[in-house]
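Just below is one structure, and these are the notes that go with it.
Residue numbers (this note's numbering), protein chains in the order written: chain A, 533 to 653; chain B, 13 to 148.
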């Protein structure tokens with residue numbers, strides 16, 4: 533019974549832009565948390581096995597890897613922009629009329645940075 | 013009763029003193045999680061802006077192990093910056109995963125907290141080792 537009510541409320545809440553900001557923040561957070569150990573491992577090869585790191589860096593030049601990299605960079609930028617928005621909501625004060633603008637600015641900054649990365653990388 | 017439990021309608025309940033102590037521990041842990049998550053987020057906000065700028069600089073100025081190590085050696089500020097970045101990330105990521113594994117996977121309790129604490133240690137050790145490898 534409780535589940536049914538929760539699902540109905542969820543369905544209504546999903547129409548709100550802040551719900552999608554929540555989903556983006558979670559999914560990007562999971563992606564970054566899973567990526568971090570790999571990132572640290574790859575970078576730790578720099579001193580002990582520089583040739584292995586360079587082989588890996590060469591491998592990342594493939595288009596498919598570039599696309600994945602761009603998505604990761606988008607995740608980082610989106611998690612940053614969404615996180616700053618959350619800190620502002622929690623500590624500076626919640627203003628209902630600002631929320632959609634704050635979400636739009638956060639989304640635009642994240643997408644803008646990912647586009648810049650895609651163009652220079 | 014002697015063991016510190018009261019029985020009401022067949023349900024064993026902790027006495028007030030026990031319940032208060034348990035609630036106090038829960039509340040303190042929750043408060044620490046909240047404070048550490050926001051404090052690490054504030055540190056990461058600054059770190060990630062610098063990191064995003066350095067990513068663009070890095071891909072434009074050579075992404076080889078030699079170039080990366082050379083940039084890390086350019087100033088002692090970089091290893092110090094990345095050390096702070098690693099500590100903040102090691103605190104932030106496990107605390108962020110905790111409500112996700114609770115709400116989306118239904119996993120909670122001491123076992124989950126132990127695994128997340130281990131994940132924090134892995135991130136901290138791996139991150140410090142990576143910074144040391146690049147700055148060494």
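Virtual Cβ for every residue (Gly too), placed ideally from N, Cα, C. No experiment lies behind these values; they were computed from the predicted model shown.
Point to revise | alpha helix (DSSP H) runs wholly inside the segment 553-609 of chain A, at least 4 long, in chain order | key: 577-580, 582-591
Check your understanding: Helix, strand or coil: which one does DSSP assign to residue 626 of chain A?
Key -> coil
Check your understanding: Do you know offhand how far residue 571 of chain A's Cα is from residue 28 of chain B's?
Key -> 49 angstroms
Exercise for review: Please state if the CB of residue 564 of chain A and the CB of residue 607 of chain A are separated by a distance shorter than 7 angstroms.
Suggested key: yes
Practice item. With DSSP collapsed to three states, give me the class of residue 87 of chain B. Key: coil
**Study point:** CB contact flag (residue 98 of chain B, residue 148 of chain B, <7 angstroms)
**Key:** no
Check your understanding: If you run the structure through DSSP and keep just helix, strand and coil, what is residue 121 of chain B?
Key -> coil
Practice item. Counting only the same chain and skipping the five closest in sequence on each side, list residues whose C-beta sits under 6 angstroms from that of residue 598 of chain A. Key: none
Check your understanding: Just to confirm, are residue 610 of chain A and residue 555 of chain A a CB contact at a threshold of 7 angstroms?
Key -> no
Review point. Considering only C-alpha positions, which residue in the set B:38, B:130, B:84 is nearest to residue 142 of chain B?
Key: B:84
Practice item. Tell whether a beta-carbon distance below 7 angstroms holds between residue 75 of chain B and residue 589 of chain A. Key: yes
Exercise for review: Note down, in chain order, every chain A residue with its Cβ under 8 angstroms from the Cβ of residue 135 of chain B.
Suggested key: 568, 569, 572
**Study point:** Proximal residues to residue 120 of chain B (C-beta, below 7 angstroms), its chain only, five neighbours per side dropped
**Key:** 114
Review point. Between residue 89 of chain B and chain A, is there a C-beta pair that is closer than 7 angstroms?
Key: no
Check your understanding: Would you say the segment 28-38 of chain B touches the segment 58-77 of chain B, given that touching needs at least three Cβ pairs under 8 angstroms?
Key -> no
Practice item. Establish whether the CB of residue 69 of chain B and some CB of chain A are separated by less than 7 angstroms. Key: no
Review point. Which ranges does the alpha helix (DSSP H) cover as unbroken runs of at least 4 residues, wholly within the segment 29-63 of chain B, from first to last along the chain?
Key: none
**Study point:** Member of B:88, B:122, B:68, B:135 whose CA lies at the smallest distance from the CA of residue 106 of chain B
**Key:** B:135
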